[in-house]
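Student: Using numbering that gives the first Met the number 0, the letters of the sequence shown correspond one by one to residues 0 to 275.
We put the CB at the ideal spot given by N, CA and C, even for glycine.
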Amino acid sequence: MLFQLLSYLRFLWRSGNAHGLHSPFVFGLYAHVIHHDGHFAAYEAVEARRQQLLTDDTTITVRDFGAGSHTGAGRTRHLRDIARTAAKPPRLGQLLFRLVNFMQPRTVLELGTSLGLSTAYLASADSRARVVTFEGCPQTAAVARQTFAELGLRNVELVEGNLDDTLAPTLAALSAPVDFAFFDGNHRYEPTVRYFEQLNLHRNEHSLFVLDDIHWSSEMERAWRTIRQHPDVTLTIDLFYVGLVFFRRNLPKQHFTLRFDYWLDQLLEQTRRLST
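Written out as structure tokens, the structure is:
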């Protein structure tokens, strides 16, 4: 937690907002998608499912193939605790929804399903999209399937098993490029970079990769730096909580560090105005 706090302070020192953005693409994305404060009807159904899980005292045995939990949670956990500490918060899930809604991808991959809330946001954004999500823990996958059934999501395919074993054959069987990918499957350097390289072979010029928890640890920060420097990557946006990776050839190679906490952005902007 101390590492993340220090990382956040460094992020605040480097980050900016829409002022001074000279890239029309990034300005439009930031102003109309990332900082969009409107409401979509799909949000209500996903958040209702979250509330169910937050009060569910069922225990499951969790099998974790990744870097574990910062909370020190053991293998036997209550669903309510997983929903509280491991599921993506509403604002991040809703950001994923808006990004899919904006990009209109046909094939979406999610590396790390958990209870299925972030998957639900991805799938709800466009019912025409094929969403393939990967989960290593059988009991967690069973809960995610309940989430998809309750929300009536028919465009989700859940691939169960160790991602190291399931990702390559699933990619090989795809009949279309990966238009959108959300990386939340393993918070370590080597697997993160390896998964990126695997998906990079199956993307197109207009694909968007979203990496979760890029400042979660020193390993994840190193993975984020490695991916930023990849020769195929033309544009990245660091929102602290997630990183956005673009491959568009018509964009110059640039890296942006932008604030995603709207209330903090407003506070810092007011402070700037008072000091000038």
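Using a 10 Å radius around the Cβ and a threshold of 16 neighbouring Cβ atoms, would you call Gln93 buried or exposed?
Tutor: When all chains shown are included, Gln93 counts as buried.
Student: With Asn203 as the anchor, note down where its alpha helix (DSSP H) starts and where it stops.
Tutor: That residue, Asn203, is in no alpha helix (DSSP H); its beta strand (DSSP E) goes 202-211.
Student: Could you tell me which of Leu11, Met0, Trp12, Phe24 sits nearest to Thr235, measuring between CA atoms?
Tutor: The shortest C-alpha separation from Thr235 is found at Phe24.
Student: Looking at Ala119 and Val45, is the spacing between their C-beta atoms short of 8 Å?
Tutor: Their beta carbons are under 8 Å apart, which means Val45 touches Ala119 by this criterion.
Student: Is it buried or exposed, Pro104, if we count other Cβ atoms within 10 angstroms and call 16 or more buried?
Tutor: Looking at its Cβ environment, which holds 16 or more other Cβ atoms inside 10 Å, Pro104 is buried.
Student: In terms of alpha-carbon separation, which member of Leu250, Val241, Tyr29, Lys252 lies closest to Tyr7?
Tutor: Nearest of Leu250, Val241, Tyr29, Lys252 to Tyr7, Cα basis: Val241.
Student: Rounded to whole angstroms, what is the Cα-Cα separation between Ala41 and Ala47?
Tutor: C-alpha separation (whole angstroms): 10 Å.
Student: In or out: Phe2 buried (at least 16 other Cβ within 10 Å) or exposed?
Tutor: Exposed, because fewer than 16 other Cβ atoms sit within 10 Å of the Cβ of Phe2.
Student: Alpha carbons only, please: which of Asp80, Asp36, Leu166, Arg144 is nearest the one belonging to Phe182?
Tutor: Of Asp80, Asp36, Leu166, Arg144, the residue nearest in Cα terms is Leu166.
Student: Out of curiosity, what's the CA-to-CA distance linking Phe26 and Leu5?
Tutor: Near 28 Å, if we compare the C-alpha coordinates of Leu5 and Phe26.
Student: If distances are taken between C-alpha atoms only, which option among Arg247, Phe133, Ala222 comes closest to Asp231?
Tutor: Cα-wise, what sits closest to Asp231 is Arg247.
Student: So, with DSSP's three-state summary, where would you put Leu114?
Tutor: Residue state, collapsed to three classes: coil.
Student: How is the beta strand (DSSP E) around Leu157 delimited, first residue to last?
Tutor: 155-159 is the extent of the beta strand (DSSP E) around Leu157.
Student: Which residues in the same chain have their Cβ closer than 6 Å to the Cβ of Ile213, if we skip the five residues on either side of it in sequence?
Tutor: Same-chain partners within the cutoff: Met219, Trp223, Gly242.
Student: Given this structure, state the Cα-to-Cα distance separating Asp237 from Leu28, to the nearest angstrom.
Tutor: Going from the Cα of Asp237 to the Cα of Leu28 covers about 13 Å.
Student: Since I believe Leu152 is in contact with Ser123 (beta carbons under 8 Å), could you give me their beta-carbon distance rounded to a whole number of angstroms?
Tutor: Confirmed, about 7 Å.
Student: Is His69 helix, strand or coil when you go by DSSP?
Tutor: Note that His69 scores a pLDDT of 46, beneath 50, so its modelled location is shaky; the value from the coordinates is reported in the next line. In this structure, His69 counts as coil in the three-state DSSP scheme.
Student: Can you name, in chain order, every residue of its own chain whose Cβ lies under 7 Å from the Cβ of Ala30, other than the five neighbours on each side?
Tutor: Cβ neighbours of Ala30 beyond the five flanking positions: Ala17.
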